[in-house]
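So the structure is just underneath, and the comments pick up after that.
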Amino acid sequence: MRRDALAVLCCPACAGALVADGDAAVLDDGAACCAACGARHPIRGGVLDLLGAPRPATAAQWVNELRLTAWAYERTWRPHALSLLSGEPFGEAREAALLVAAVADAPAGAFVDLACSSGRYARVLAGMAPQRTVIGIDCSAAMLVEAQRRARVARLPISYVRADALAPPLRPATAAAVVMGGSLNEIADAPGALAAMARSAMPGAALFLMTLLGAGSTAGRLLQRLLQPGGLQFFDGAALDGHIRAAGFAISDRRIHRSVALISGRRHAPADSGG
Ligand SMILES: C[S@@+](CC[C@H](N)C(=O)[O-])C[C@H]1O[C@@H](n2cnc3c(N)ncnc32)[C@H](O)[C@@H]1O
Ligand SMILES: [Zn+2]
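The sequence shown begins at 0 in numbering that gives the first Met the number 0 and counts up by one.
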C-alpha cells in the first residue's frame, strides 16, 4: 500500500489517524499505528489488515476466504458474469466504460473500491487516474492477496485494505468516488453499506454500483431463492433506488439489463434535496 493512502484511512477502533514508521512511499511489511489509541495494525505483503482473524459470517463470505476462489474469480466467472446474467454481450470493457464515465468528473480526492475482491474496479480506476489515491477494501484476505498480485503485475499504485465495508475505515467525506461491483448482494445490510459509502464520500463525489436485481424469469427466481440461504440477496429495483437516495446520493444514470443494474450517482450535500 502507499503511505499517502493513510491520510484518507482511519483507525477502525477509534477513528484516529494512522501513521507508519519511516518515510518510504510504498509500505510492504510493517504496521500502521493509531496516533490516538495506539492500536497496531499489520501491513503484510503490501496489504493493511484492519480486521484481524478471519470471521466470515455467511456461506458466500466463507467461500470468498478460500485461496482457490480468489485465484479463480477473475480467471473464470468475472469476465463472463455480466454477459451470462444480462443475456447480451457485456464484456469487461463495456462495464469499465460505464465505471469510467461515472467517475470522470469526480472532485479531487481518493477513489475507493468497496468490497473489491481481486480489485477489478480498483485497477480500472488506477489506470484512468494514476495521480489519484486509489484504495480497495475487502474483508477477504485471500482476495486481497490476489488483488495485490494483480496490481503489482499491472504496475498500478493501489492501496489494499482488509476491512468491513459496513464500517469502512475512511475519514468522513474524504472519498471523491465510491464504487462497488457486485458486492451489495453479499452484504446483509445493504442500506447500511450505502449509508457507510455516503459518510465516506465528499459532497459531489461520484457513486458507481453494479448489483443484481430479483430475476424476472421463473428459473432465475428459483436459482436466486436457492442462493439466498448462502447469504446472497437480490433487490427490487425501486427499493434499491430508495436505499441509494436515502443514503444521500442522487441517481444520474441507471441501466438495467435483465437482473444486472448499473447505477451512477452523486453524493449531494446534506442540505440538498437529492434526485
Ligand atoms: C461479488 S464479489 C465482489 C466483486 C468485485 N467487486 C468485482 O467487481 O469483481 C463480493 C466481495 O465482497 C466481499 N465482501 C462481502 N461482504 C463484505 C463486507 N462486509 N466487507 C468487505 N467486503 C465484503 C467479499 O469478500 C467478496 O470479495
Ligand atoms: Zn485508534
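In this text, a Cβ means the ideal position worked out from N, Cα and C, and glycines have one as well.
- Here alanine 141 really is in contact with arginine 66; their C-beta atoms are around 5 Å apart, less than 8 Å.
- The segment 105-114 and the segment 195-203 touch, with no fewer than 3 CB-CB distances between them shorter than 8 Å.
- Cβ neighbours of leucine 183 within its own chain (closer than 7 Å, five residues either side excluded): Ala189, Ala192, Leu208 and Thr210.
- In the pairwise beta carbon analysis, the segment 245-257 is classified as touching the segment 69-87: at least three pairs are separated by under 8 Å.
- Here methionine 209 is bridged, per DSSP, to Gly180 and Leu261.
- Where leucine 113 is concerned, the enclosing beta strand (DSSP E) starts and stops at 109-113.
- Comparing alpha-carbon positions, the option among Cys13, Ala30, Asp48 and Gly219 lying closest to glycine 21 turns out to be Ala30.
- For the alpha helix (DSSP H) assignment, the uninterrupted runs of no fewer than 4 residues enclosed by the segment 37-98 are, from N- to C-terminal side, 58-63, 66-72 and 77-85.
- Ligand 1 never approaches serine 251 closely enough for any of its heavy atoms to be under 7 Å from the residue's Cβ.
- DSSP places isoleucine 255 inside the beta strand (DSSP E), whose first and last residues are 248-256.
- Unbroken alpha helix (DSSP H) runs of no fewer than 4 residues, entirely contained in the segment 124-154, are found at 140-152, following chain order.
- Of the other Cβ atoms in all chains shown, fewer than 16 fall within 10 Å of the Cβ of threonine 75; this residue is therefore exposed.
- Those residues placing their Cβ nearer than 6 Å to any heavy atom of ligand 2 are, following chain order, Cys10, Ala12, Cys13, Gly15, Cys33, Ala35, Cys36 and Ala38.
- In this structure, the CA atom of alanine 24 is about 34 Å from the CA atom of valine 62.
- Here methionine 196 carries a helix assignment [DSSP, helix/strand/coil].
- Shown here, leucine 17 sits in a strand according to DSSP, grouped into three states.
- Annotated as proximal: alanine 146 and glycine 118, with beta-carbon spacing under 8 Å.
- Look at the beta carbons and you see the segment 94-108 touching the segment 119-131: at least three pairs across the two are nearer than 8 Å.
- Within the same chain, Arg119 come within 7 Å of arginine 77 by CB-CB distance, once the 5 residues on both sides are set aside.
- A residue is called buried when at least 16 other Cβ atoms come within 10 angstroms of its Cβ; cysteine 33 meets this threshold and is buried.
- Counting only the Cα atoms, glutamate 185 lies some 24 Å from arginine 170.
- Nearest C-alpha to glutamine 227 among Leu49, Ala58 and Glu94: Ala58.
- Note on geometry: alpha-carbon atoms of glycine 213 and leucine 47 lie some 35 Å from one another.
- By the CB criterion at 8 Å, alanine 16 and leucine 26 fall outside the cutoff.
- Nearest to histidine 40 by alpha-carbon distance, out of Ala205, Val160 and Leu206, is Val160.
- Rounded to the nearest angstrom, the Cβ distance from alanine 175 to alanine 218 is 41 Å, too far for a contact under 8 Å.
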